[in-house]
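Undergrad: Count along the sequence shown from 1, then add 12; that gives the number in this note's numbering. My questions all concern the structure below.
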Amino acid sequence: MGEVLTAVAPAKVNLVLEVLGRRDDGYHEIDTVLQTLQVADRVSIANAGPDDPRVEVTGPWRSGVPADASNLAWKAVMLLAERLKRDASNLRILLEKHIPAAGGLGGGSSDAVTILRLLARRWPEATAADLLDVAVRVGSDEAFFLTGGTARAQGRGERVTKLPSLAPHGIVLFLPPATLERKTARLFERLGRLPFDDGRRTAEFAARAPDPVRADQLYNSFERVAFDVFPGLGKLRDAIESRIGTRVRLSGAGPALFWIGPLPVRDAIAEQAAGLPCEVVATQTAA
Numbered sequence: 013m014g015e016v017l018t019a020v021a022p023a024k025v026n027l028v029l030e031v032l033g034r035r036d037d038g039y040h041e042i043d044t045v046l047q048t049l050q051v052a053d054r055v056s057i058a059n060a061g062p063d064d065p066r067v068e069v070t071g072p073w074r075s076g077v078p079a080d081a082s083n084l085a086w087k088a089v090m091l092l093a094e095r096l097k098r099d100a101s102n103l104r105i106l107l108e109k110h111i112p113a114a115g116g117l118g119g120g121s122s123d124a125v126t127i128l129r130l131l132a133r134r135w136p137e138a139t140a141a142d143l144l145d146v147a148v149r150v151g152s153d154e155a156f157f158l159t160g161g162t163a164r165a166q167g168r169g170e171r172v173t174k175l176p177s178l179a180p181h182g183i184v185l186f187l188p189p190a191t192l193e194r195k196t197a198r199l200f201e202r203l204g205r206l207p208f209d210d211g212r213r214t215a216e217f218a219a220r221a222p223d224p225v226r227a228d229q230l231y232n233s234f235e236r237v238a239f240d241v242f243p244g245l246g247k248l249r250d251a252i253e254s255r256i257g258t259r260v261r262l263s264g265a266g267p268a269l270f271w272i273g274p275l276p277v278r279d280a281i282a283e284q285a286a287g288l289p290c291e292v293v294a295t296q297t298a299a
């Protein structure tokens, strides 16, 4: 019981993301196709000593990640402990961050779900239904990370349908140096002034994904407002597209941008973007 349990928590991108309207519970109805990536955080759970912090955050993207009870991974610990009537006071979690916080890549959600999987190894009475219930209570992307790979998520994200895996594709992430407070709420507020989507794009992509996938075949409703909300993001997008000669897309509520295309040309795309005012990360899709 004292061993340190460790696993990776993958990032994601949204290949299609439509916002269908506002729900009675205050959330928004979405329809999206998501894809996990090889770039990932490293997440561990261990026994806590009397002076150990409950959450320890390290890694190149630790900035902006809370190390207190507001951390989504710790929230997942507490919710599962409550559901199973377990004592979590002797546990601590360690997050080695390789996914930026609040970037639209799902790092916090993925960390939370990975912690749930590790806890299920310590607490074997935890069922798949327990993990799903807690995941949905933590946030909107968490149910997808229980599935991973290529999947469609509907509702506020809790209804997940596994899709056929994409063939391996190259992904290049373009990570701006900063995000915004309340960015998702601010984007939803702006979208509320525009016509909502009808779900047609997501349904078509889910029924028959193009092979290979190109950025100009994708859609993200947040792109209608994000480049007005994030200072300098539109200028950065234009600079990237001018440099690499093809389109990039926003992931989730941003501000992370990404290119997708054939794996053999991924590194050349990343090299062409060198020197721009963003972090460039070459990765690929993961089943």
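Quick reminder that beta carbons are idealized off the backbone N, C-alpha and C, glycines included. Quantities reported herein were computed from a predicted structural model and do not represent experimental measurements.
(1) Jot down the residue ranges of each uninterrupted beta strand (DSSP E) in the stretch 120-188, minimum 3 residues, whole runs only, in chain order.
(2) Taking C-beta to C-beta, are G169 and D145 nearer than 8 angstroms?
(3) Compute the Euclidean distance between the alpha carbons of I281 and I252, then round it to the nearest angstrom.
(4) Would you mind giving the Cβ-Cβ distance between V25 and L117, rounded to the nearest angstrom? I have them listed as a contact below 8 angstroms.
(5) Starting from I252, follow the alpha helix (DSSP H) in both directions and report where the run begins and ends.
(6) Which residues bound the beta strand (DSSP E) around Q50?
(7) Thinking L107 and D53 are a contact (beta carbons under 8 angstroms), I'd like their distance in whole angstroms, please.
(8) With DSSP run on the structure shown, which of helix, strand or coil describes R294?
(9) If L185 and T297 are in contact, beta carbons under 8 angstroms, what's the gap, nearest whole angstrom?
(10) For my contact list, R198 and L192 are in at a C-beta cut-off of 8 angstroms; report their separation, rounded to the angstrom.
(11) In the DSSP assignment, the alpha helix (DSSP H) including A7 goes from what residue to what residue?
(12) Exposed or buried, S101, counting other C-beta atoms within 10 Å across all chains shown (16 or more means buried)?
(13) Locate the alpha helix (DSSP H) running through A23, then write down its first and last residues.
(14) Over the uninterrupted alpha helix (DSSP H) stretch that includes L206, give me the two end residues.
(15) Taking the alpha carbon of V69 as the point to measure from, which residue in G61, S56, D63, P62 has its own alpha carbon closest?
(16) Run through the DSSP bridge pairs and tell me what R104 is partnered with.
(17) In angstroms, rounded to a whole number, what distance separates the CA positions of S254 and L248?
(18) Can you give me the start and stop residues for the beta strand (DSSP E) that V69 sits inside?
(19) Under the assumption that A138 contacts A132 (Cβ atoms under 8 angstroms), give the Cβ distance between them as a whole number of angstroms.
(20) Let me make sure I understand the geometry here. Which of A85, T258, T295 has the alpha-carbon closest to that of L275?
TA: In short:
(1) 162-167, 171-174, 182-187
(2) No, the Cβ-Cβ distance between G169 and D145 is not below 8 angstroms.
(3) 10 angstroms
(4) 7 angstroms
(5) 245-256
(6) 40-59
(7) Contact flag correct, Cβ pair sits at about 6 angstroms.
(8) First, the residue type needs correcting, since residue 294 is Ala and not Arg in the sequence shown. Strand.
(9) Between T297 and L185 the Cβ distance is about 12 angstroms, and since that is not below 8 angstroms, they are no contact.
(10) Confirmed, about 7 angstroms.
(11) A question about residue 7 goes unanswered here, because the residues of the chain that appear run from 13 up to 299.
(12) exposed
(13) From DSSP, A23 is part of no alpha helix (DSSP H) but of the beta strand (DSSP E) over 17-34.
(14) No alpha helix (DSSP H) holds L206; DSSP gives it neither H nor E.
(15) S56
(16) For R104, which the question treats as bridged, DSSP gives the partners A58.
(17) 10 angstroms
(18) V69 -> beta strand (DSSP E) spans 67-70.
(19) 4 angstroms
(20) T295
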